[in-house]
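Residue numbers (the numbering used here), protein chains in the order written: chain A, 16 to 310; chain B, 519 to 922.
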């Protein structure tokens, strides 16, 4: 066994893997944000709250209709996605022509309302949710103990991330979407229902957040403030990757997870700050982000 | 004529005097976190407990009239001290009680000292409140960091957990817990193998847990609170820490945290509390009434709530003994220290010269899911720590009120 900077190599491999797993949460959440910003030009500040709603939906489904983790993984994002569609129809659709600030304020307000309402009904301590039986236990990889659930998290996340990227960048539907963002009037002239497409895109972005929330429920505390703690980091990821860049969000999410993981070994106190240091540097050198296009 | 006037005046004095003797007006302010992180350990539950205390006392003593007001400090020391200032200056509040969050409690304690108010802390943990930062206007009621780490750490070391690794929340409270617990571990012949400082509100502890795992320490001490504790316990279960032979020691865990974790995850955790609802009939009966007042199914009363009830009860007793009219709050504190405490929840106890309430503490273990027979049945008692051993010795706190 060899050492790298005084840390045994197998410990380091373990930390890299952990970083990758955390990165997959960042990637999934920032992916939703990037899709929404890229297609709707809305800075969705309620993304963290919608992630939290996903976790709460999973809990409620289990409590009141006996639906376990696997069905919840599909049902909860659909339910929360529907609330997203309502939000878009009722509020957001009036804001596209205005400054970004309006969308940001509206979604921030919504986030506060979602959090306040859940806290009122469920308190602040959190709710119990356990790892599904089929994914209990773990594998001994030699250099670390890898819980089965974490392995599943990383596989599922990669699949969803790649799938979304593929749909938007490589399919006809994605082409319509991208075209509709560039020039909605022209795309409409071709007989495509642009407002419907935009609504569904927002619903999809929200559903992605809820999906991440369901996956987080077994390992993180399910509490009303779980989203607001994470969302700031996720915004930093999106800014570093370049606002609206889907590939950027995915790559940066995983990359920053790894960097954060390494910080936790070498300088644990700074692990929450590291991402923002990187953000500041990136903004100085490349104001549009690593993968962003200059406006 | 002069005689009649004199008699009338005398009569008036007598009438007023007897009216005063009957009526004692007191205003109590519950200053707590109503809507954020600590709303379940204090918050609305503390308000419910305060209402019960007032109802019980005024039933037996109808000549005492209590006004109860509520303040939400939002976990911000500036908001907390603003409310305390206003309560003391404008609203003439006689007692400020509860106040989870050590930062806010230390600030409010300072306000109480400067304005000669009276402050009973039930919700906050820092042992500095009766240590270097103690004052003649503050009483610390329910628990503190020294008691928690002493109870849990010495019990763990005595049962074989003699090597420790700490996950410490990276701020003053975490350091205090880690410092107090390390001292206890080493005093009992154990060793501290390492520690890692985790930023406040960390979502993912797996990295730190791996470090703890590879340290091969027998006990992993969690010197953190709230969401950090819940996340670290949840993920420790996932990484098979307890199954792998290491134990977890929660240095600050409340019944409400166990409810949030669920027994399958929390089972086997060892922790110290000073009050548990299912320990005796009096507590169970009180919980029934608290449930009605709180009106939130599934919530458990915590030791903080019980402390609010007990603190208000003792304050009202002292206030009654001092009779009507204006009183000096330092004198009320003195009176409370002179009178032995006795109530249905904590039994008999006393208050020390440094302002610390003294009662036994209990070492609990979280039950396995199959051992739990009804909702809220979460602890089994492992040991009782007598009142004279549970708390930091008076001489070691460096409280300026304690001479020599």
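Heads up, the beta-carbon is just placed ideally off N, CA and C, and yes, glycines get one too.
Small disclaimer: the values here were computed from a predicted structure and weren't measured.
Is it true that the CB of residue j sits closer than 8 Å to the CB of residue i?
i, j, result
"residue 817 of chain B", "residue 641 of chain B", "no"
"residue 757 of chain B", "residue 724 of chain B", "yes"
"residue 826 of chain B", "residue 615 of chain B", "yes"
"residue 881 of chain B", "residue 670 of chain B", "yes"
"residue 653 of chain B", "residue 620 of chain B", "no"
"residue 34 of chain A", "residue 272 of chain A", "yes"
"residue 876 of chain B", "residue 905 of chain B", "yes"
"residue 38 of chain A", "residue 270 of chain A", "yes"
"residue 77 of chain A", "residue 87 of chain A", "yes"
"residue 717 of chain B", "residue 688 of chain B", "yes"
"residue 643 of chain B", "residue 684 of chain B", "no"
"residue 634 of chain B", "residue 848 of chain B", "yes"
"residue 834 of chain B", "residue 544 of chain B", "yes"
"residue 779 of chain B", "residue 751 of chain B", "yes"
"residue 61 of chain A", "residue 249 of chain A", "no"
"residue 213 of chain A", "residue 50 of chain A", "no"
"residue 821 of chain B", "residue 836 of chain B", "no"
Under a Cβ-count criterion, where at least 16 other Cβ atoms within 10 Å of its own Cβ denotes burial, should residue i be classed as buried or exposed?
i, result
"residue 792 of chain B", "buried"
"residue 895 of chain B", "exposed"
"residue 292 of chain A", "exposed"
"residue 184 of chain A", "exposed"
"residue 662 of chain B", "buried"
"residue 230 of chain A", "buried"
"residue 565 of chain B", "buried"
"residue 307 of chain A", "buried"
"residue 846 of chain B", "exposed"
"residue 785 of chain B", "buried"
"residue 561 of chain B", "buried"
"residue 130 of chain A", "buried"
"residue 660 of chain B", "buried"
"residue 813 of chain B", "exposed"
"residue 646 of chain B", "buried"
Taking just the CA atoms, how far does residue j sit from residue i?
i, j, result
"residue 73 of chain A", "residue 868 of chain B", "48 Å"
"residue 830 of chain B", "residue 839 of chain B", "14 Å"
"residue 4 of chain A", "residue 815 of chain B", "Past the edges of chain A, shown from 16 to 310, lies residue 4 of chain A, and the structure says nothing about it."
"residue 810 of chain B", "residue 549 of chain B", "22 Å"
"residue 114 of chain A", "residue 243 of chain A", "24 Å"
"residue 748 of chain B", "residue 699 of chain B", "19 Å"
"residue 808 of chain B", "residue 132 of chain A", "23 Å"
"residue 769 of chain B", "residue 738 of chain B", "10 Å"
"residue 489 of chain B", "residue 219 of chain A", "The requested residue 489 of chain B is not part of the displayed model; chain B covers only 519 to 922."
"residue 591 of chain B", "residue 585 of chain B", "19 Å"
"residue 608 of chain B", "residue 111 of chain A", "49 Å"
"residue 90 of chain A", "residue 797 of chain B", "42 Å"
"residue 567 of chain B", "residue 559 of chain B", "12 Å"
"residue 29 of chain A", "residue 754 of chain B", "15 Å"
"residue 794 of chain B", "residue 246 of chain A", "36 Å"
"residue 157 of chain A", "residue 25 of chain A", "8 Å"
"residue 914 of chain B", "residue 850 of chain B", "25 Å"
"residue 910 of chain B", "residue 651 of chain B", "15 Å"
"residue 701 of chain B", "residue 712 of chain B", "14 Å"
Note down, in chain order, each residue of its chain lying with its Cβ closer than 8 Å to the Cβ of residue i, except the 5 sequence neighbours on either side.
i, result
"residue 731 of chain B", "757, 759, 762, 764"
"residue 594 of chain B", "622"
"residue 215 of chain A", "100"
Considering only residues of the same chain and omitting the five flanking positions on each side of residue i, which have a CB-CB separation below 6 Å?
i, result
"residue 861 of chain B", "828, 831"
"residue 743 of chain B", "770"
"residue 267 of chain A", "252, 255, 256"
"residue 666 of chain B", "769, 770, 790"
"residue 691 of chain B", "620"
"residue 146 of chain A", "164, 233"
"residue 535 of chain B", "Summary for residue 535 of chain B: the model assigns pLDDT 46, below 50, so the residue's position carries little reliability; its value from the coordinates is reported in the next sentence. Taken in chain order, the list of residues that qualify is empty."
"residue 531 of chain B", "Confidence at residue 531 of chain B is low in this model, with a pLDDT of 48, below 50, so its placement is unreliable and the value that follows should be read with caution. Here the set comprises nothing."
Who are the Cβ neighbours of residue i in its own chain at under 7 Å, not counting the five residues just before and after it?
i, result
"residue 278 of chain A", "285, 286, 289"
"residue 106 of chain A", "121"
"residue 42 of chain A", "172, 176, 264, 265, 268, 269"
"residue 637 of chain B", "614, 626, 627, 630, 655, 656"
"residue 194 of chain A", "202"
"residue 890 of chain B", "781, 896"
"residue 775 of chain B", "747, 748"
"residue 581 of chain B", "540, 541, 542"
"residue 162 of chain A", "153"
"residue 209 of chain A", "195, 199, 202, 203"
Decide yes or no for the touch test of the segment 134–151 of chain A against the segment 225–241 of chain A: beta carbon pairs closer than 8 Å, at least 3 of them. yes
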